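In short: position in the sequence shown from 1, add 5, done, that's the working numbering.
Ideal Cβ placement from N, Cα and C applies to all residues, glycine included.
Source: prediction; values computed, not measured.
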Amino acid sequence: TTALEAAEVGHEVFIVEKNPYLGGRVTQLNKYFPKLCPPSCGLEINFQRIKKNKKIKWFTLTEVEKITGSPGNYDVTLKENPRYVNNNCTCCGKCAEACDVEITNEFNLGMDNRKAVYIPYEMAFPQRYVIDQSIIGKPASQKCKDACVYNAIELDMKTKTFNLKVASI
6 TTALEAAEVG HEVFIVEKNP YLGGRVTQLN KYFPKLCPPS CGLEINFQRI KKNKKIKWFT
66 LTEVEKITGS PGNYDVTLKE NPRYVNNNCT CCGKCAEACD VEITNEFNLG MDNRKAVYIP
126 YEMAFPQRYV IDQSIIGKPA SQKCKDACVY NAIELDMKTK TFNLKVASI
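Encoded structure:
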């Protein structure tokens, strides 16, 4: 919400999220205060606002490595981890169907398992599959790639490091 408010008054905004989706802990709640409604209702509205606002850029699977500078002139070094799925993904689910590996589901706090190719949760933004790094280089990842008819799986994606110049954090 803060990012949206800043962008809507004219500031360029960067959202950096270490998870493969936006929304943070709120996405894991059953209901949230003050309306006690499921988070999907409020998040869906904010995700639509984020998508439509050209002043907002978001980076998922990304972490801040270093910050230098001072107010008005920061240099931020970011490390973006690979999703192994590109923007061609239509969420058809063929890659997940082909995946025969299950791993602990961190989204559900380890209380169950999920496929190693997954959408983090039903309303995840961005709405795109993720391949868990634990299967990269193994036959399971190639099975998933072979199942994708949209050429959306890139098993050779690498970690990227880049810098942003920002005025405030």
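At what residues does the beta strand (DSSP E) containing residue i begin and finish?
i, result
"residue 73", "67-75"
"residue 102", "From DSSP, residue 102 is part of no beta strand (DSSP E) but of the alpha helix (DSSP H) over 99-103."
"residue 108", "107-109"
Can you name the residues that DSSP bridges to residue i?
i, result
"residue 166", "84"
"residue 20", "63"
"residue 79", "74, 171"
Would you identify the three-state DSSP class for residue i, choosing helix, strand or coil?
i, result
"residue 119", "strand"
"residue 32", "helix"
"residue 124", "coil"
"residue 141", "coil"
"residue 37", "strand"
Go to residue i, then tell me how far its alpha helix (DSSP H) extends in each direction, as first and last residue.
i, result
"residue 50", "44-57"
"residue 7", "7-13"
"residue 159", "Unbroken run through residue 159: none, as it is neither H nor E."
"residue 146", "144-152"
So residue i packs on residue j, CB below 8 Å; how close in whole Å?
i, j, result
"residue 13", "residue 58", "7 Å"
"residue 20", "residue 61", "7 Å"
Against chain D, does residue i count as a neighbour if the rule is that its beta carbon must be under 9 Å from one of theirs?
i, result
"residue 30", "This model lacks chain D altogether; it includes just one protein chain."
Worksheet item: Do the segment 79-86 and the segment 57-71 make contact, defined as three or more Cβ pairs closer than 8 Å?
Response: Because the criterion of three Cβ pairs below 8 Å is met, the segment 79-86 and the segment 57-71 touch.
Worksheet item: Below 8 Å, can you find three or more Cβ-Cβ pairs linking the segment 152-165 to the segment 107-121?
Response: No, the segment 152-165 is not in contact with the segment 107-121.
Worksheet item: For the segment 123-132 against the segment 43-52, are there 3 or more C-beta pairs whose distance is under 8 Å?
Response: The count of Cβ pairs closer than 8 Å, one atom from the segment 123-132 and one from the segment 43-52, reaches three, so the stretches are in contact.
Item to complete: Please determine if the segment 136-156 and the segment 93-107 are in contact, where contact requires at least 3 C-beta pairs separated by less than 8 Å.
Response: The segment 136-156 vs the segment 93-107: in contact.
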